[in-house]
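First the structure, in the form of C-alpha cells, and then the observations on it.
In my numbering, the protein residues as written are 6 to 299.
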C-alpha cells in the first residue's frame, strides 16, 4: 500500500452531537511514518487511581445452567465465565454501548476503542450513535461510575468507504469533570504483538443483557491486520478488546467477526474461528490523531 493510500484510509469521519464531520486534509506525515514503521509498538496500561474494587464473586459457565452455544462462534465447549467483580481492573475498563449492542475498552484517560462496524454501516451509510457509553455495567443498565460526556466518535475512512475489515476499529472520546473516566476505571495498554494467552471481556447477546462475561484462549493465526483466535464469541462481544491475560494487560486487537472455511470429502467439513482486527501502527496513529489520547 502506498503512502497516499494509507493516508486516505486513515482519514477520520467524526460524529459529534448528531452531525457528521469529514477530515479534509490528508495526514501524509503520519502515513509516511506508518509506512516506514516509525511509530511506537507498545503503550503502558494504567490501573485506576480512584476506584474501589469489588470483592470477586464466584464465576459460572452460565447463570441459569444452559449451554448458551452458537455453533458458528462457540468453538467446542462453551468456556465463558461470568464476571462477578466488574469494577476490578481490568474488568473496569470495559464499556457497553447502549443502543448499539457492542462493547468498548478504555485505552486512555478519556479515550475508548471499539469496532468501526459497531458505529457505522457502510452499506446503509448509517451511524449507530450510542445513547450512552456505560462503564463496568453488569446486568443492570447502569454504571458504578459517572456516565461520560461523549465529545466525539471517530471512524477511519478505510471502513467508511470500503468496509475494509483491516480498519474495523473506532474510538469514543470523553470529557468529564472533576475526574476523567480513565482515572476511575483505569485503562489498558496496547501492543502490536500477538503471542501469549488472551482474554476478552464483553457483553454477549445470548446472556441476560448487559451481563459481563470473560473468555480466554490464544491467537491461532496472525496476519498483518487480522488475528484469528479460539476464544468463544457471540453477537454483542464485538468492539471489546482482545488483550494479553497475564501480567500487565495490553490490547492486541478489537473483536470484529467470525469466519469459516469448508471443504468437501464425502460430505462437507467446516472449520470455524473468530477474528479480531489487529492493533497495528495504523491503529496507533489513528487514535493519536483524535487529540484525546493523553
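Glycine included, every Cβ here is placed at the ideal spot set by N, Cα and C.
Query, Result
"Report buried or exposed for residue 145, applying the criterion of at least 16 other Cβ atoms within 10 angstroms of its Cβ.", "exposed"
"Under the DSSP definition of a beta bridge, which residues are partnered with residue 203?", "222, 249"
"Which residue from 298, 86, 172, 199 puts its Cα closest to that of residue 262?", "172"
"Would you mind sorting residue 99 into buried or exposed? The rule is 16 or more other CB atoms within 10 Å of its CB.", "buried"
"What does the alpha-carbon distance come out to for the pair residue 39 and residue 45?", "10 angstroms"
"Tell me which residues share the same chain as residue 233 and place their Cβ nearer than 6 angstroms to its Cβ, disregarding the 5 neighbours each side in the sequence.", "225, 226, 278, 280"
"With respect to the beta strand (DSSP E) encompassing residue 179, which residues constitute its N-terminal and C-terminal limits?", "175–179"
"Assign residue 7 to one of two classes, buried (16 or more other C-beta atoms within 10 Å of its C-beta) or exposed (fewer than that).", "exposed"
"Is it true that the region 183–200 meets the region 156–168, where meeting means three or more beta-carbon pairs spaced less than 8 angstroms apart?", "no"
"Within the chosen definition, does the region 286–294 reach the region 264–274 through at least 3 CB pairs nearer than 8 angstroms?", "no"
"For residue 47, which of helix, strand or coil comes out of DSSP?", "strand"
"May I ask you to report which of helix, strand or coil DSSP gives residue 113?", "strand"
"Return the residue from the list 52, 23, 13, 17 that minimises the CA-CA distance to residue 33.", "13"
"What does a CB cutoff of less than 6 angstroms around residue 76 pick up in its chain, not counting 5 residues either side in sequence?", "Only weak support is given to the placement of residue 76: the predicted model assigns it a pLDDT of 34, under 50, and the value that follows is read from those uncertain coordinates. Once the five neighbours on either side are set aside, residue 76 has no close Cβ partner at all."
"DSSP three-state label for residue 122, please.", "helix"
"For residue 229, does the count of other Cβ atoms within 10 angstroms reach 16, so buried, or fall short, so exposed?", "exposed"
"Which value, in whole angstroms, describes the spacing of the CA atoms of residue 19 and residue 51?", "27 angstroms"
"Are residue 150 and residue 190 touching if we call contact CB-CB under 8 angstroms?", "yes"
"Cβ atoms of residue 47 and residue 258: under 8 angstroms apart, would you say?", "no"
"On the criterion of 16 or more Cβ atoms from any shown chain inside 10 Å, does residue 112 qualify as buried, or is it exposed?", "buried"
"Comparing C-alpha positions only, which one of 203, 175, 235 sits nearest to residue 255?", "203"
"Could you give the DSSP three-state label for residue 189: helix, strand or coil?", "helix"
"In terms of alpha-carbon separation, which member of 121, 283, 165, 178 lies closest to residue 200?", "283"
"Apply the 10 Å Cβ neighbour rule to residue 292 and answer buried if 16 or more other Cβ atoms are within range, or exposed otherwise.", "buried"
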